[in-house]
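Participant: Chains as they are written, first to last, in this note's numbering: chain A, 1 to 350; chain B, 1001 to 1219; chain C, 2001 to 2301.
Okay, here's the structure, questions in a sec.
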Amino acid sequence: MRKLANAVLGLIVLLLVIWELPWLYNNYAVSFFHGDELGGEPFTLYSAMADDFIQNTEGQGRRGVSGREYTVEEADSLLPFFWTTQLVNAGRLPDTIRGYAVTPQLIRQTNINYHHRAYDTHTNRPNCGLWLLLESMPKRVNLEDPDDAFRFTHEGIEFINMNTGQLKPKKSQLFTDALQVKGFAFPVHEIDGNPDTRKEYDEGYLLIDNNRQLYQMKMTAGRPYVKKIELPDNEITPKFVFVTEFRSRCLRGFMTDENNVLYAITPAYEVKPIGSGIHFDPEQNNMMIMGNMLDWTIRITTAEAEEFYAVSAFDYTLLKSYIAPYGSDPYLPGLHFTETIDRWVKPRVN
Amino acid sequence: MFYKEWIKTRWSLLFILVVLCGYVGYELLNFLRAIGAMGGAHIWIAMITKDEPMFVRHLQYLPMVAGIALACVQFFPEMYHKCLKLTLHLPCSHLRMMFEMLGFGLAALLVCFGLNYLILWLGFYPSLAPELYGKMLLVALPWYLAGFVSYLMSAWIILEGSWKRRIFNLVVMFLCLKVFYLSNFPGAYVPSLPWLIVFVLACILLPWISIDRFKKGIE
Amino acid sequence: MENVIECINLTHYYGKRKIYENLSFSVPKGRILGLLGKNGTGKTTTINLLSGYLEPRTGECRIFGQNVRTMDPALRKQIGLLVENHVQYQFMNIEQIEHFYAQFYPGQWRKEAYYELMKKLKVAPGQRISRMSNGQRSQVALGLLLAQNPELLILDDFSVGLDPGYRRLFVDYLRDWAHSEGKTVFLTSHIIQDLERLVDDCIIMDYGSILMQCPLDHINEGFHRFRSQLPERLSDVPEPLLGDKEFYHPAISLTGELELYSFLEKDEVERRLQDLHVPHGPLMMDNLDLEDAFIGLTGKY
Chain A
1 MRKLANAVLG LIVLLLVIWE LPWLYNNYAV SFFHGDELGG EPFTLYSAMA DDFIQNTEGQ
61 GRRGVSGREY TVEEADSLLP FFWTTQLVNA GRLPDTIRGY AVTPQLIRQT NINYHHRAYD
121 THTNRPNCGL WLLLESMPKR VNLEDPDDAF RFTHEGIEFI NMNTGQLKPK KSQLFTDALQ
181 VKGFAFPVHE IDGNPDTRKE YDEGYLLIDN NRQLYQMKMT AGRPYVKKIE LPDNEITPKF
241 VFVTEFRSRC LRGFMTDENN VLYAITPAYE VKPIGSGIHF DPEQNNMMIM GNMLDWTIRI
301 TTAEAEEFYA VSAFDYTLLK SYIAPYGSDP YLPGLHFTET IDRWVKPRVN
Chain B
1001 MFYKEWIKTR WSLLFILVVL CGYVGYELLN FLRAIGAMGG AHIWIAMITK DEPMFVRHLQ
1061 YLPMVAGIAL ACVQFFPEMY HKCLKLTLHL PCSHLRMMFE MLGFGLAALL VCFGLNYLIL
1121 WLGFYPSLAP ELYGKMLLVA LPWYLAGFVS YLMSAWIILE GSWKRRIFNL VVMFLCLKVF
1181 YLSNFPGAYV PSLPWLIVFV LACILLPWIS IDRFKKGIE
Chain C
2001 MENVIECINL THYYGKRKIY ENLSFSVPKG RILGLLGKNG TGKTTTINLL SGYLEPRTGE
2061 CRIFGQNVRT MDPALRKQIG LLVENHVQYQ FMNIEQIEHF YAQFYPGQWR KEAYYELMKK
2121 LKVAPGQRIS RMSNGQRSQV ALGLLLAQNP ELLILDDFSV GLDPGYRRLF VDYLRDWAHS
2181 EGKTVFLTSH IIQDLERLVD DCIIMDYGSI LMQCPLDHIN EGFHRFRSQL PERLSDVPEP
2241 LLGDKEFYHP AISLTGELEL YSFLEKDEVE RRLQDLHVPH GPLMMDNLDL EDAFIGLTGK
2301 Y
């Protein structure tokens, strides 16, 4: 028994050592020894006018990944959709950009900004399984909080009155029927929505059903609105969906498939691959999109590299890409319980 | 053996129970007040959209402290003037006596913690969906497991005779307990729960190291 | 005679400090044996080794023929242990502690022996041990040992903290019990008068070894102090005296008297002094109590 007890203690101490020592090194020593190698890529935006990704460099200058150097003023002019206020103040905002008439208001209206963090992917975090469905066409101007929440079961959808805790059988039946009529197969496989009343409009939820078909569900005037979204190709198996609800209404959302290809879901419910098949794994990668009426800069952070893609805002074709692989990994492997890409606490070694 | 542990700890246990239940009651009161003031829907929405340990937040370190407190009242008297010599001199296997003493403490904590959960559940379930109170009960689970670990490891520390070794044990306990407080995200510990339970069970063996050293006369 | 305790070749160190090396002794059944020694000679160490709370560097202690470190737990029923300071569970009262111990000694527990002694104590039945005086605590501890009624008692410094009345009570109870039931007792005490009334045999420990193990009578009757006025004033003990192993701690007193201790007869001492050419006056022989004998055997320093 003594041997066993000491073995247990030895194992505990060993685990603590391979947890804490690399952590101490990675947190305190790495920045000391390898400080200049860290930091990743600076803020980067695609400029259609220069056909270049322009980066903020340390100090005052701007630099293109092509190698060209720009002054700050040049860069402001090359990125008019981002430095709009700067250009307006300097009186340098042109009336048209690449043939499109622009105003500061129009630019603000049409710019998009989207962040995906891997830890928000539903498989990377615990979910309680209750969701809120807003009224998409509220009687008043602003969106309002609902008085019920819903959950998906194996047979349908259930709405629960949040004030009483009682099921709402009629509403539940109504929505279950509406989904079934459109061929929705329960239980739901993946669901994404954004039940925040501070947004400008509501697109309800994007759903992937048990047969891996794509749907949209929202509530208009208290009635269910369910739309089956046709996939361009039977070979495509949707994996994750993301509701965007951009101010410009230029998109319904994003989708990725089993092969981690990124798709846009257009206002006309078309599903189109972005940048002729950009790979984006929502479970592993962070993604930031900064877009304007003409083009988007997509930044995907993977474990190996920072990837930048410029795509057309009209048909999502790839305009330019730039991949910046990380240098040698200065971090010590060890035991971890948490990771930046998910919300779980579980033992893992890397 | 249970009789001795009971005589030794009954008032402290009652105190621990009252404090634990008092805190839980206080949290529930806040919860009921919030429901009364803002309505159920408001609370539901907050609980669905926010990933925080709402209405159980103040319980976080309580089970851990309860575990340490119980170990103190149970094992400091054993170390007072080396009373443990009397216990180990009883005509029973030393291992059995240790397991009985620790078993008593674990069972007592289990009753206290179980009552906590029962009270929380009774308070939550009339006005919340199982998904929502499940979220709260789940976020508190690692804290309660930490209570068992803090109990067992405190026993290990208190029964240890050498100060140097006690400090080493204390560092090990601190780091082990840290594992239980890495995240307050409700449900974050779900994949780890089996590991943590195995860990709690493994910790039952640690006080044996101290008892074995006591028997060798190491101070 | 059957030995209840056998210690064989015990060697123990605390760190690098040697306590003793190759110490062996045994305690026969039915005897009350006192372990005497100055502070730091290893009395408590020996008790700890015997009760299994210390691991000797080498050697082993056997009680009832079993190594104490691997002994069958049930055998501990027949061993009573009085821990230093009469420590008992502080958080219990007189009744609770009796109730607690009773369940471990079914068939041999003598409840009435315990309560008989408790009646003599002026304590309320509900009073906790932590609130008792040292003397009262010692009686509780003794009562529990008498109730356990083991074959062997091991007592660590039972007289610590007791006033003369309680010491006497303790000693008398213990002696009557041991002698009437043929029990074996192994004890230490730093108050030697107590042992005089109690023990049959004694082991006298010196630093690192056992000076002697013998029946108390052997010391009481055979060990004497011899004094003689020296014809001339000497500052040091004559060299030849120090070489004789039969003379314990020869010394010159402040008044210039030669003082030595020995088991030898008076005539023999006289003869040896002459053989060694030690000049001396008339030899006086003193009978000694145990305390004086102890000092004679171990020296004042």
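Built from N, CA and C at the ideal position, the CB exists for glycine as well.
Within its chain, find whatever has a CB closer than 6 Å to the CB of T1009(B); leave out the 5 residues flanking it on each side and keep chain order.
Facilitator: V1073, Q1074
Participant: Using only the alpha-carbon positions, how far apart do G1187(B) and P1063(B) sit?
Facilitator: Spanning the two alpha carbons is a distance of roughly 18 Å.
Participant: If I measure Cβ to Cβ from A324(A) and keep anything under 7 Å in the same chain, skipping five residues before and after, which residues do I get?
Facilitator: Cβ neighbours of A324(A) beyond the five flanking positions: E41, A305, E306.
Participant: C250(A) CB to nearest chain B CB: under 8 Å?
Facilitator: no
Participant: Starting from I1048(B) and walking both ways along the beta strand (DSSP E), at which residues does that stretch end?
Facilitator: Run containing I1048(B): none in the beta strand (DSSP E); it sits in the alpha helix (DSSP H), 1040-1049.
Participant: Using C-beta distances below 8 Å, list every residue in its chain close to F2294(C), excluding the 5 sequence neighbours before and after it, in chain order.
Facilitator: L2036, I2192, I2204
Participant: Answer yes or no: does any C-beta atom of chain B fall closer than 8 Å to that of V345(A)?
Facilitator: yes
Participant: Of the residues that make up the region 124-156 of chain A, which ones have a beta carbon closer than 9 Å to any beta carbon in chain B?
Facilitator: R125, P126, N127, C128, G129, L130, W131, L132, D145, P146, D147, D148, A149, R151
Participant: Do the CB positions of R247(A) and T266(A) come within less than 8 Å of each other?
Facilitator: Taking C-beta atoms as the reference points, R247(A) and T266(A) fail to come closer than 8 Å.
Participant: Contact check, W1143(B) vs L1059(B) under 8 Å by CB: the rounded distance?
Facilitator: 6 Å
Participant: Hey, would you say P434(A) sits closer than 8 Å to N350(A), going by beta carbons?
Facilitator: Beyond the ends of chain A as shown, which are 1 and 350, falls residue 434(A); an answer cannot be given.
Participant: Counting only runs of 3+ residues fully inside the region 2141-2213 of chain C, write out the beta strand (DSSP E) ranges in chain order.
Facilitator: 2152-2155, 2184-2188, 2201-2206
Participant: Tell me where the alpha helix (DSSP H) around Y2105(C) begins and ends.
Facilitator: Counting along the chain, Y2105(C) falls outside any alpha helix (DSSP H), and DSSP gives it neither H nor E.
Participant: Spatial neighbours of I300(A) within its chain, please: C-beta separation below 6 Å, excluding the five flanking residues on both sides.
Facilitator: F280, N285, M287, E307
Participant: Mind checking the region 2040-2058 of chain C against chain B and listing, in chain order, the residues whose C-beta falls within less than 9 Å of any C-beta there?
Facilitator: T2045, N2048, L2049, S2051, G2052, Y2053, L2054, E2055
Participant: Please name the residues in the region 1149-1167 of chain B whose beta-carbon is closer than 7 Å to at least one beta-carbon of chain A, in chain order.
Facilitator: none
Participant: Let me know the secondary structure DSSP gives I191(A) once reduced to three states.
Facilitator: Strand.
Participant: For a minimum of 3 consecutive residues, which ranges assigned as the beta strand (DSSP E) are wholly contained in the region 54-105 of chain A?
Facilitator: 62-64
Participant: When the distance is taken between beta carbons, is E283(A) closer than 8 Å to A118(A)?
Facilitator: In this structure, A118(A) lies near E283(A), with their beta-carbon atoms less than 8 Å apart.
Participant: Rank L4(A), D209(A), H115(A), L79(A) by C-alpha distance to the C-alpha of L179(A) and give the top, closest one.
Facilitator: When only C-alpha atoms are compared, the closest one is D209(A).
Participant: Should G2065(C) go down as buried or exposed, given a rule of 16 or more other Cβ atoms within 10 Å for buried?
Facilitator: exposed
Participant: Taking Cβ to Cβ, would you say L1201(B) is nearer than 8 Å to A1108(B)?
Facilitator: no
Participant: So, for F1185(B): in the same chain, excluding its five sequence neighbours on each side, which residues have a beta-carbon less than 7 Å away from its beta-carbon?
Facilitator: D1051
Participant: To be precise: take each residue of the region 1014-1036 of chain B, compare its Cβ to all Cβ atoms of chain A, and keep it if any distance is under 7 Å. Which residues remain?
Facilitator: none
Participant: For N2287(C), count neighbouring Cβ atoms within 10 angstroms of its own Cβ and tell me buried if that reaches 16, exposed if not.
Facilitator: exposed
Participant: Using a beta-carbon distance cut-off of less than 7 Å, what residues from the region 1067-1097 of chain B approach chain C?
Facilitator: Cβ proximity to chain C below 7 Å picks out P1077, Y1080, H1081, K1082, C1083, K1085, L1086, H1089, L1090, P1091, C1092, S1093 from the region 1067-1097 of chain B.
Participant: Please classify N161(A): does DSSP put it in a helix, a strand, or coil?
Facilitator: strand
Participant: Along the chain, where does the alpha helix (DSSP H) that runs through P1130(B) open and close?
Facilitator: 1130-1159
Participant: Based on DSSP bridge pairs, tell me the residues matched to E306(A).
Facilitator: T301(A), A324(A).
Participant: Relative to the C-alpha of T2238(C), which candidate in L2260(C), K2300(C), K2266(C) has its C-alpha closest?
Facilitator: In the sequence as displayed, the identity of residue 2238(C) is Pro instead of Thr. Of the listed residues, the one whose Cα sits closest to P2238(C) is L2260(C).
Participant: Helix, strand or coil: which one does DSSP assign to G291(A)?
Facilitator: strand
Participant: Does Y1189(B) get closer than 8 Å to chain A when you measure Cβ to Cβ?
Facilitator: Y1189(B) counts as touching chain A.
Participant: Establish whether the CB of I1197(B) and some CB of chain A are separated by less than 8 Å.
Facilitator: no
Participant: May I ask you to list the residues that DSSP assigns as paired with N2287(C)?
Facilitator: According to DSSP, which records beta bridges pairwise, N2287(C) is partnered with H2224(C).
Participant: Mind checking if P195(A) is an interface residue toward chain B, Cβ cutoff 8 Å exclusive?
Facilitator: yes
Participant: From M2132(C) to K1004(B), what does the alpha carbon distance come to, in whole angstroms?
Facilitator: 19 Å
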